[in-house]
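One structure is given below, encoded as structure tokens.
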Amino acid sequence: MAAKRASKSTPNARKDSIVVTDDQDFETDLEDDLEDLVEAGKYKLDKTTAERYYDACGVLNTVPVAKFVRQYKTGHVDLKHYGIRDIGGKAVAMALPQDITVTSLCLHDNGIGDAGSVALSRMLKDNCFVLNFDLSENKIGKEGARAIADMLLENASLQEVNLSGCGIHGKDIKQFLNALSFNPRLKSLDFSYNDLGDEGAIHLGRALSKNQKVEFLNVSWNNIRVSGIEELAKGLARNKNLKELELSWNCFLDEGANHLSSALVHNRCLKVLEMQSCGIHTAGAFKMADALKANQCLEVLRIGKNPFQSSGACSLLRGVRCNQTGALRELLLDDVVFDKECGRELDALLEERPNFSCSWDVSISGGHAAKGKKKKPDAVEIFLAFVRTRGLRLIDLFRMLAKDGNANTITKTECIAGMKKLNAPLKDHQLRVLFDGLDVNHDEHVEFYEFLSSRSHYLKAGRK
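See below:
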């Protein structure tokens, strides 16, 4: 072994050991390096992670990264943009097999290729304490993708894996099929900014139909077209656990939106769907509006930067209004123009659901264009809308909230408890914000004149 390692001590040989192309080298490089440490008496289980890291850097003839030594004890190692390359990735891999402290390992944009990613994958087969692994923006290649897929079949602790911008192609995704289907703990997987195409999307769709653990999947910027999105939609319809799906910047057009609409009618778990800049026109927006009329669980829909403009936006707003039991609370229509009809639909929707939030680009009214902004009422606005829709006078509400009906002040406890009894559409933190907003003089009591001043303030703001 010593002779073998000595043969790698020349500069050229060392360079070759960093970028390996032979499959056997992938299997043995990390083992060889560890054996060297064992032979030298340096790799001992009672050594600290820092000591093992320094020993590994010595054997690999690379400079240690001080930040790794500082951070590993905190449990979160973040070495993004450090340029450690394959040899540095191998050093980290040699330091962590027995580590029980590090739960999050971020190696974003480090020039790590096949050899480094294979070494890290082998380490993660042994380490059961790392929960979050970020290898994004490293061109790991086919062998690296294969190694990570194999690792995910054996690792039962990883919960989040980020492989964004790793140069993964559609044919490489097939290797992840079994891992996605059977891994018991994996909850978040980011494949964005790769080149999965339809082939990769088809494999992922089939995996989604079997996997009931993954909660977050990002496949934006992957050149996915209609056939790929069709299979993903089928998987989504069958899936019972996925909470967030990001599909933006894939050109699947109206036909793809139709497939997703059908899936949303049957899906009972997805809460966030992002599909911006997907070439969706008015027909596709109408189909998505049909889904919003039926879906009961979706909370956030980001569908801006699509060319459906006012008519499509209006249909989406109507779809939300038609679904009285729907959960949608946020609709993002960035770069979409609102006309008068859209404005009326949105105003009516906000009247019915004060907590609803919508963003768009430009509002056109009476020949004038105004930049759109996110309509998200604050707690006092929601409170006043609630009072208006319930037909209550402020004096009556004040007496209902006061513990003693004839009291002149209301405490925070009385305000929060009373609003809950009235089933006001405000969460606990919003009720606290509401009280603070009403308490003009900040004395922890609200008097009736403060009730009145809040209404006057918002009426003046509305006129402006």
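The numbers in numbering that gives the first Met the number 0 rise by one with no breaks, and the one at position 340 of the sequence shown is 339.
Think of the CB as a built atom: it goes at the ideal place given N, C-alpha and C, for glycine as much as any other residue.
Predicted, not measured: the structure shown is a model, and the values here were computed from it.
The region 110-119 in contact with the region 85-100 per 3-pair CB rule at 8 Å: yes
CA-to-CA distance, residue 451 to residue 195, given in whole angstroms: Taking the straight line joining both Cα atoms gives about 59 Å.
DSSP state of residue 360 mapped onto helix, strand, coil: coil
Residues sharing a beta bridge with residue 243, DSSP: 215 and 271
Selected residue, minimal CA-CA separation from residue 156, among 172, 132, 427 and 164: 132
Proximal residues to residue 139 (C-beta, below 6 Å), its chain only, five neighbours per side dropped: The answer, listed in chain order, is 116 and 165.
With 16 other Cβ atoms within 10 Å as the buried cut-off, status of residue 286: buried
Alpha-carbon to alpha-carbon, residue 345 and residue 422: 23 Å
Cβ pair residue 238, residue 263 closer than 8 Å: Their beta carbons are not under 8 Å apart, which means residue 238 does not touch residue 263 by this criterion.
Closest Cα partner of residue 343 within the set 309, 326, 354 and 333: 309
For residue 62, the three-state DSSP class (helix, strand or coil): coil
Cutoff 7 Å; reference residue 177; Cβ partners in own chain excluding five residues on either side: 152.
Where the alpha helix (DSSP H) containing residue 435 begins and where it ends: 427-437
Residue burial classification, residue 448 (beta-carbon count within 10 angstroms, cutoff 16): When all chains shown are included, residue 448 counts as exposed.
8 Å contact criterion, which residue 473 and residue 234 should meet: CB distance rounded: Shown here, the chain extends from 0 to 463; a query on residue 473 therefore has no answer.
First through last residue of the beta strand (DSSP E) which encompasses residue 313: No beta strand (DSSP E) holds residue 313; the alpha helix (DSSP H) holding it covers 308-321.
Residues of its chain near residue 276, where Cβ-Cβ distance is below 7 Å and the 5 sequence neighbours each way are ignored: Within the same chain, residue 276 has close Cβ partners 247, 248, 304 and 305.
CB-CB length for residue 109 against residue 71, believed under 8 Å: Incorrect: roughly 16 Å between the Cβ atoms, too far for contact.
Nearest to residue 83 (by Cα), restricted to the options 111, 271, 57 and 66: 111
Pair within 8 Å by beta-carbon distance, residue 315 and residue 284: The answer is yes: Cβ separation under 8 Å.
Supposed close pair residue 103, residue 136 - CB separation, criterion 8 Å: Not really, about 17 Å apart at Cβ, beyond 8 Å.
Alpha-carbon spacing of residue 270 relative to residue 299, whole angstroms: 6 Å
Where the beta strand (DSSP E) through residue 444 begins and ends: 444-446
Distance between beta carbons of residue 134 and residue 161, contact taken as under 8 Å: 7 Å
Of the listed residues 221, 167, 210 and 393, nearest to residue 274 (C-alpha basis): 221
Cβ-based neighbour list, residue 124, same chain, cut-off 7 Å, excluding 5 preceding and 5 following: 150, 153 and 154
Residue range of the alpha helix (DSSP H) that includes residue 117: 113-125
From 197, 392, 395 and 418, residue whose alpha carbon lies closest to that of residue 378: 418
Proximity winner among 100, 143, 107 and 113, relative to residue 126 (alpha-carbon distances): Nearest to residue 126 by C-alpha distance, out of 100, 143, 107 and 113, is 100.
Endpoints, the beta strand (DSSP E) within which residue 229 is located: No beta strand (DSSP E) holds residue 229; the alpha helix (DSSP H) holding it covers 225-237.
CA nearest to the CA of residue 218, picked from 231, 208 and 391: Ranked by Cα distance from residue 218, the first of 231, 208 and 391 is 231.
Residue nearest to residue 185 in terms of C-alpha spacing, selected from 175, 193, 272 and 191: 175
Cβ neighbour criterion (16 or more within 10 Å) applied to residue 323: exposed
Buried or exposed by the 16-neighbour rule on C-beta atoms within 10 Å, applied to residue 341: buried
For residue 264, three-class secondary structure by DSSP: helix
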